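One rule links them: number in the working numbering = place in the sequence shown (from 1) + 55.
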Amino acid sequence: MLGLSVPSHSFPIVLLRTTTKRGVLQIRNMRAVVQRVASASVEVEERTVSEIGPGLVVLVGVHESDAEADAEYICRKVLNMRLFNNETTGRAWDQNVMQRNYEVLLVSQFTLYGIMKGNKPDFHVAMPPQTAKPFYASLVEKFRKSYTPEAVKDGVFGATMKVNLVNHGPVTMQLDSSQLS
Numbered sequence: 056m057l058g059l060s061v062p063s064h065s066f067p068i069v070l071l072r073t074t075t076k077r078g079v080l081q082i083r084n085m086r087a088v089v090q091r092v093a094s095a096s097v098e099v100e101e102r103t104v105s106e107i108g109p110g111l112v113v114l115v116g117v118h119e120s121d122a123e124a125d126a127e128y129i130c131r132k133v134l135n136m137r138l139f140n141n142e143t144t145g146r147a148w149d150q151n152v153m154q155r156n157y158e159v160l161l162v163s164q165f166t167l168y169g170i171m172k173g174n175k176p177d178f179h180v181a182m183p184p185q186t187a188k189p190f191y192a193s194l195v196e197k198f199r200k201s202y203t204p205e206a207v208k209d210g211v212f213g214a215t216m217k218v219n220l221v222n223h224g225p226v227t228m229q230l231d232s233s234q235l236s
């Protein structure tokens, strides 16, 4: 697999290249920024639309070429990331969000694909909104089916949101589906 070079003046994004059955070159790479939190909430127009207690806030950037495999990878990895200490044994980095019965707050964030062109960001590699909205909705549903539906919350796709969080640690991890495994 070859990485795609990005000019040094741009935000460094390494994209996965794959070839389809027809031999067409594809670039795929869903991105998630995962933060361990004590609590978090999302406000839209001064109204709280989602909130969680302890758990994970996941900022999700959807690439224009993302496919089902990318969504499955991100869902599986986020839910199984061992970012929490085991309170029984005292072992650090020992339990995932599901083992702790914590919550997950998903927030769509196309700006994770911002590439600086001069002083202005360019988002041309982000999936267009009309395609991204149903794709993101299916990702949220995938999280709910893989965990407990009530434990998975999300923001409002395409809205201007205020995301409030108390980062616990702080612990912040970045996942790219180019790491598919």
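Yeah, the Cβ is synthetic: ideal placement off N, Cα and C, and Gly gets one too.
Bear in mind the structure is a predicted one, so any value in this text is a computation, not a measurement.
Since residue i sits in a beta bridge, which residues does DSSP pair it with?
i           : result
residue 95  : 107, 220
residue 176 : 171
residue 87  : 115, 230
residue 163 : 115
For residue i, which of helix, strand or coil comes out of DSSP?
i           : result
residue 102 : strand
residue 137 : coil
residue 158 : strand
residue 184 : helix
residue 150 : strand
residue 63  : Low confidence applies to residue 63: its pLDDT is 40, below 50, so where it sits in the model is not reliable, and the reading given next is rough at best. The answer is coil: DSSP assigns residue 63 none of H, G, I, E or B.
Could you spell out where the beta strand (DSSP E) holding residue i opens and where it closes?
i           : result
residue 117 : Note, residue 117: premise wrong, no beta strand (DSSP E); not H, not E.
residue 207 : 207-209
Near residue i, what residues of its chain come up, given a Cβ to Cβ distance below 8 Å and the 5 sequence neighbours on each side ignored?
i           : result
residue 151 : 134, 135, 136, 137, 138, 139
residue 197 : 126, 127, 130
residue 103 : 96, 97
residue 201 : 130, 131, 134
residue 190 : 117, 121, 126, 182
Under 6 Å Cβ to Cβ from residue i, same chain only, skipping five residues before and after it: list those, please.
i           : result
residue 112 : 90, 92, 95, 160, 220
residue 155 : 139
Worksheet item: Quick one: any contact between the region 125-138 and the region 172-186, if contact means 3 or more CB pairs under 8 Å?
Response: no
Worksheet item: Would the region 86-93 and the region 208-223 be scored as touching if the rule is three or more Cβ pairs under 8 Å?
Response: Contact between the region 86-93 and the region 208-223 is present, because at least three Cβ pairs lie under 8 Å.
Worksheet entry | Segment contact flag, the region 157-177 with the region 140-149, C-beta cutoff 8 Å, min 3 pairs | no
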